[in-house]
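Below: one structure, written as structure tokens.
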Amino acid sequence: MIKVKIPRETWHRTWKSLLQEGPITRVSKDYIYLISDRHLQILQEKQLPFEEIDAVVSPSEKIRHLLASPLQ
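So the sequence shown is numbered by the working numbering: it starts at 7 and just counts up by one.
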């Protein structure tokens with residue numbers, strides 16, 4: 007899982023693009039989200055602005071993300 011910060015100015019467009027690929031998890035009111043490798047690839051392909059956060063993903067954040075993800 008990757009932690010990214012999405013700029014507030016482009017949040018709506020970026021969020022919609024990510025959500026079309028699958029669930030994302032908000033971990034902070036500062037527009038910080040947990041995303042998958044595929045989401046990261048989409049951000050890069052569409053050249054959407056984001057900042058990758060070098061922070062450890064806590065166990066509770068992992069659980070919340072897994073609960074939001076569809077079972078495969």
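Yeah, the Cβ is synthetic: ideal placement off N, Cα and C, and Gly gets one too. For clarity, every value in this text was computed on a predicted model and none was experimentally measured.
Item                                                                                                  : Value
Residue range of the unbroken alpha helix (DSSP H) whose run includes serine 23                       : 17-27
Supposed close pair glutamate 10, glutamate 57 - CB separation, criterion 8 Å                         : The sequence as given places valine at residue 10; glutamate does not occur at that position. That pair is a contact at about 6 Å.
Leucine 40, DSSP secondary structure in three states                                                  : strand
Contact belief for isoleucine 48 with glutamate 27 at Cβ below 8 Å, rounded distance in angstroms     : 6 Å
Local Cβ density within 10 Å of histidine 45, reported as buried at 16 or more and exposed below that : buried
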